[in-house]
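In the working numbering, the protein residues as written are 185 to 1199.
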């Protein structure tokens, strides 16, 4: 059995003649499916039952806890809050539409009405234009409730005439009520006193909690819908009460108010800032809590396109919205609020979470091992985590239950035990230990044990498992792909005539398909490896996408060197280096390889699988109507449409809105369905380009897919004008392109989309599944962009003038033909053999990354390059002494910005004790990706002056008279206050990107070891 070496350091190519045949491979590989499929023992035209499956369950151990109904006899309609009452064992549950109930804290409790806002509220007419109660958001009882019987409720009002912008002045209220002392208690409608109001809109916040200081904390959102972000530009505008956590004293009253502002609030007396604000910069704060032991305020903030955030809110804190979403720029042109931006404590990408629900720090007694952990969840993905934090660092954050409950709110009882609401089924849950046992020891660890193949060596499918074919292929660095569909028994995939919500899946999305439980989609990837006998296609990886009835899970199997079987890859993924002879010629009847290259193949982690196979793309990227709607090429005279044939033989079925089965597609009806087309062929240029972008980009670049803070939607079916890419300035940097646009109609060389596809390293797209540019794809996309001008332009990169290699050092347009020629192996002039390495060293900024992957191997050893991977570095043993020498080496320039002990410069963070604050993986990540996590006090800003000068640095001092920056050379720059035109957060840190690229893996490990030992 072949082991799986976890080695990686750069993508260097050995030998000039081999420079990047990786792209040339795809010229002679099958274009889409010009090859017979793996042969099965059974007739693929006759439906067979698949009975041999062993793909069930999961190889991971079950979570330690499970959700159980706390009150089985009490159910609610869309519960949104659960609150304890001091001095009482009752819990209070609020429904979204405005009904409050209470339950006794015992298993057989029944719900008892506390208050129905829509039926009982008497003060609607006190707000001009109000027509009724909207929704319920918050409830909290006064700390001295036993004496005064006060509670505070946040709810919204609907306007009689809906405002055009969706924002209703005074539409959100926090009111004080008295509670009767009856059993069960009731809220007294006549006792209402409106305490404070603010604008009501899409994101209201509305959670209410008393702090240890006795003051009332209230969360508010930006009162906007999802798009465009922060429509009223209120996130950093503190002249209103929105996007904030407010802190008020409800035991006193200032003149003209039903509350007082605490004198120690951070913005008391600050011009144009509401004094009620305790912290600001939140988008849609959904549930906050006070740690009953420490008094710390925790808050979950629902993100926009990329991130979900958890904040530990501090006095005067600015949490960034809508300049940033987490650490990601959204609207960096905004004026920053009165305090610097702080990063979130916890960030979750939209591949993991999509609608955060803030929780509580556990202080109960039932689970001693959870004490001090912050328990929170995600409404969309139904995941619940227990985050343990040390300082400002998350030490661990395991999922603690199987995703099954959609948590809309968390709460705690007087004993500190945690409860949570299920928005879907209306039940209230708590935790119990899960004695479900260990991991599924029978989950197949070899591909031959999956039951998917009759003969895995020959890749012969088992009975009932059939091949299928896609129209638009994903570019995966020259690999070809074969697909299989495996459906248990005689089950079928349902294709819905009208998209619908599916129970157990993400709440808001309507799906076009539904797979049966334990369905498996199979993809086998192979690379052409040239040998002395000629090109030989070698299997590299087989990927499984398994639907367990509730969730999709991805698994990878790495093929052994002898091609006899493939082994399950660990959950965290792996890497393997393949030595490949690149190019060749026939001499005297024999194949002679010319040059060599090393290709590093990434087996992605199981979490990364779901980055692309996400709910927004409906998980199955290859098996869907648009991809299947074609006539497979290998079938010869049989011209039956693939999807028609799948329905004819029972692998798929059409379902109408009333669940009635519809007639299967036929040759005529299938023509009305969406269809993608291959990259190469006679189809119209726009269809080929749009299909290519769909297959390679649209799984992320669609609304909700997490593909960027600009709403780019690249699905082929999306009308061109609605894609959001044309003549739009890029918000993630222009890479030095002149007058850059995401897509500049008529000009590929001003188009960031085209450049990202053409480059290596950070910022390359797609960032998963591919590291090398695809010359064919770029040719088609470039021609398409050129054709979008009026009138359309002709475009072709062509081959370069090898007599003018100096052109490669300048502009993108001049350099790209050279890079393309290297990609295709079509440069053979000795004068250009060292061109990639020279351009990387001396070329202009936009062109360097076009050549990074084509540089010859360094004779001193392989370097990290532009796309370094942490796993191989972490696997090495570092030498701290060598690392110290590197740190203080003048060429590395580490000490130009950082101090260690009494050596170095304190421009950036002092690293004398960095080993205490960061783990090895965290330190390495900050070394490789310096802009990913920048502490607020070291954040860089771009300052533009009125005399049209630009400066970048850390703000040392800023007042009305002057602004003082410290630049990357540690020099202070003073700008007169009346000359400042704009101040914007920089997208990158002062530490240069790629600072580590020239180091070998061992040198990086040495430097890391030196820093880890700074304690």
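Where a beta carbon is used, it is the ideal one built from N, C-alpha and C, also for glycine. Quantities reported herein were computed from a predicted structural model and do not represent experimental measurements.
For the pair residue 388 and residue 337, the Cα-to-Cα distance works out to about 14 Å.
With a cut-off of 8 Å on Cβ pairs, the stretch 811-818 is in contact with the stretch 856-875, counting three or more such pairs. The alpha carbon of residue 360 has as its nearest neighbour, out of 343, 504, 334, the alpha carbon of 334. Note that the C-beta distance between residue 530 and residue 452 is not below 7 Å.
For residue 1139, the enclosing beta strand (DSSP E) starts and ends at 1134-1142.
Annotated three-state conformation of residue 1100 is helix, per DSSP.
Of the residues assessed, residue 261 falls on the exposed side of the cut-off, its CB having fewer than 16 other CB atoms within 10 angstroms. Residue 726 counts as buried, since at least 16 other C-beta atoms from the protein chains shown sit within 10 angstroms of its C-beta.
Annotation: the continuous alpha helix (DSSP H) that includes residue 961 extends over 959-971.
Residue 1162 and residue 524 have their C-alpha atoms roughly 21 Å apart. Between the stretch 490-503 and the stretch 432-446 there are fewer than three inter-stretch CB-CB distances shorter than 8 Å, so the stretches are not counted as touching. Sequence-distant partners of residue 1082 (beyond 5 residues in either direction) whose C-beta falls short of 6 Å from its own C-beta, in its chain, are 1088, 1092, 1095. Between the alpha carbons of residue 867 and residue 827 lies a gap of roughly 20 Å. Sixteen is the threshold: since fewer than 16 other Cβ atoms of the shown chains lie within 10 Å of the Cβ of residue 1105, the residue is exposed.
One Cα belongs to residue 928, the other to residue 917, and the distance between them is close to 15 Å. With fewer than 16 neighbouring CB atoms inside 10 Å of its own CB, residue 617 falls in the exposed class. In the DSSP assignment, residue 428 forms a beta bridge with 464. Inter-residue distance for residue 1037 and residue 822 is about 43 Å (C-alpha atoms, whole angstroms).
In this structure residue 676 is in contact with residue 836, their Cβ atoms being roughly 6 Å apart against a cut-off of 8 Å. Collapsing the DSSP output to three states places residue 488 in coil. Annotation: the continuous alpha helix (DSSP H) that includes residue 304 extends over 301-304.
When secondary structure is reduced to three states using DSSP, residue 1126 falls in the strand class. Residues of the same chain with a CB within less than 8 Å of the CB of residue 296, apart from the 5 flanking positions on each side, are 285, 286, 287, 368 in chain order. Contact between the stretch 633-642 and the stretch 755-764 is absent: fewer than 3 CB-CB pairs across the two stretches fall below 8 Å. With a cutoff of 7 Å on beta-carbon distance, residue 479 and residue 681 are scored as not near each other.
It is roughly 14 Å from the alpha-carbon of residue 1090 to the alpha-carbon of residue 1072.
For the stretch 385-416, the continuous beta strand (DSSP E) assignments of 3+ residues that do not extend past its boundaries occur at 392-394, 400-403, in sequence order.
A direct Cα-Cα distance of roughly 54 Å separates residue 426 from residue 865. Leaving aside the five residues that flank residue 1146 on each side, the residues in its chain whose CB is nearer than 6 Å to its CB run, in chain order, 1158, 1160, 1161. Annotated as distal: residue 585 and residue 613, with beta-carbon spacing of 7 Å or more.
Going by DSSP, residue 830 is part of the alpha helix (DSSP H) stretching over 826-832. Residue 825 and residue 653 have their C-alpha atoms roughly 11 Å apart. It is roughly 5 Å from the alpha-carbon of residue 429 to the alpha-carbon of residue 463. Residue 1055: not part of any beta strand (DSSP E); member of the alpha helix (DSSP H) spanning 1054-1058, first to last residue. In the same chain as residue 940, and ignoring 5 residues on each side of it, the C-beta atoms closer than 7 Å to its own belong to 947, 948, 949, in chain order. Annotation for residue 254: no alpha helix (DSSP H) segment contains it, and DSSP assigns it neither H nor E.
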